[in-house]
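If you count by the numbering used here, then the sequence shown holds residues 45 to 219, one letter each, in order.
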Amino acid sequence: MIGAEHPQDPPPAPAEVAAACAAAREGAPGAVAVLVGLLLAGAGDAEVSAAALAALPGLDDRAWHRLDLGFRRELWQPSGRSGGAPEQAGRTRALRLRVHRRDLSPLCLGIAACHPDAFVRGAAVARIIADGPDELLPFLRLRAHDWVPEIRRQARAALLAAGATWPEAPDPTSL
């Protein structure tokens, strides 16, 4: 789920997100998993979103790929939650609709670009290309190796137009 699991739960503090980014940048064990949880919990908060988008570009390619995997795992089957295909299908449909909303935070849009459902990823990539801030370019770099050819092509074309590059495809055994 993107946003606090329970609406009454406060989002993480921006300083907590910045510290988790620093720990992930340094390669601390488990730091990327902690960062995934914090970003998912605080994605709808403007201050958390700004803090994350300021700190995330400092991550290396390996950490970015781990972040992508972490988002996919959590968005497919959130930790500590039971639920099968019907619950997952409902969450995916809801996110597909939210990706098109103009009030979606930039961090939510970036996280949606990591969703396990290709329709959600594709919609997020299209939104990032159309009107996303430059801080979302690292999410396009991830999608430059997407397994869906159209998403991969769109991400690479947008990166080339922005004068940016993308990393080599990761070795899955190194993640």
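Ideal placement from N, C-alpha and C gives every residue a C-beta, glycine not left out.
Inset, instruction - State buried or exposed for W210, treating a residue as buried only when at least 16 other CB atoms are found within 10 Å of its CB. - result: Buried, since its Cβ has 16 or more Cβ neighbours within 10 Å.
Legend entry - Under the three-state DSSP convention, the category C10 falls into: The displayed coordinates of the chain run from 45 to 219. Any statement about residue 10 would go beyond what the structure contains.
Legend entry - Cα-Cα separation between P193 and R187, rounded to whole angstroms: Our two residues, P193 and R187, have alpha carbons roughly 10 Å apart in a direct line.
Inset, instruction - Could you give the DSSP three-state label for A62: helix, strand or coil? - result: The answer is helix: DSSP assigns A62 an H, G or I state.
Legend entry - Distance between beta carbons of P55 and A96, contact taken as under 8 Å: Actually they do not touch by this definition, with Cβ atoms about 11 Å apart.
Inset, instruction - Whole angstroms is fine: what's the gap from V242's alpha carbon to G88's? - result: Residue 242 lies beyond the range of the chain shown here (45 to 219); nothing can be said about it.
Legend entry - DSSP-derived helix/strand/coil call for E70: Coil, per DSSP.
Legend entry - Three-state secondary structure assigned by DSSP to H109: Collapsing the DSSP output to three states places H109 in a helix.
Legend entry - Pairwise C-alpha distance: V78 and A167: Going by C-alpha positions, A167 is about 26 Å away from V78.
Legend entry - Euclidean distance between Cα positions of A63 and R106: When rounded, the distance between both Cα atoms is 18 Å.
Inset, instruction - Mark D190 as exposed unless 16 or more other C-beta atoms lie within 10 angstroms of its C-beta, in which case mark it buried. - result: Buried, because 16 or more other Cβ atoms sit within 10 Å of the Cβ of D190.
Inset, instruction - Would you tell me roughly how many angstroms separate the C-alpha atoms of A162 and G114, rounded to the nearest one? - result: C-alpha separation (whole angstroms): 16 Å.
Inset, instruction - Using 10 angstroms around the beta-carbon of P101, count the other beta-carbons present and answer buried if the total reaches 16, otherwise exposed. - result: By the neighbour-count rule (16 or more Cβ atoms within 10 Å), P101 is not buried but exposed.
Legend entry - Extent of the continuous alpha helix (DSSP H) to which P234 belongs: With the chain covering 45 to 219 only, the question about residue 234 has no answer from this structure.
Inset, instruction - Return helix, strand or coil for A129, following the three-state DSSP convention. - result: At A129, the pLDDT of 49 sits below 50, so the modelled position is not reliable; the number obtained from the coordinates is stated separately. Three-state result, A129: helix.
Legend entry - For P182, the first and last residue of its enclosing alpha helix (DSSP H): Where P182 is concerned, the enclosing alpha helix (DSSP H) stretches over L181 to R187.
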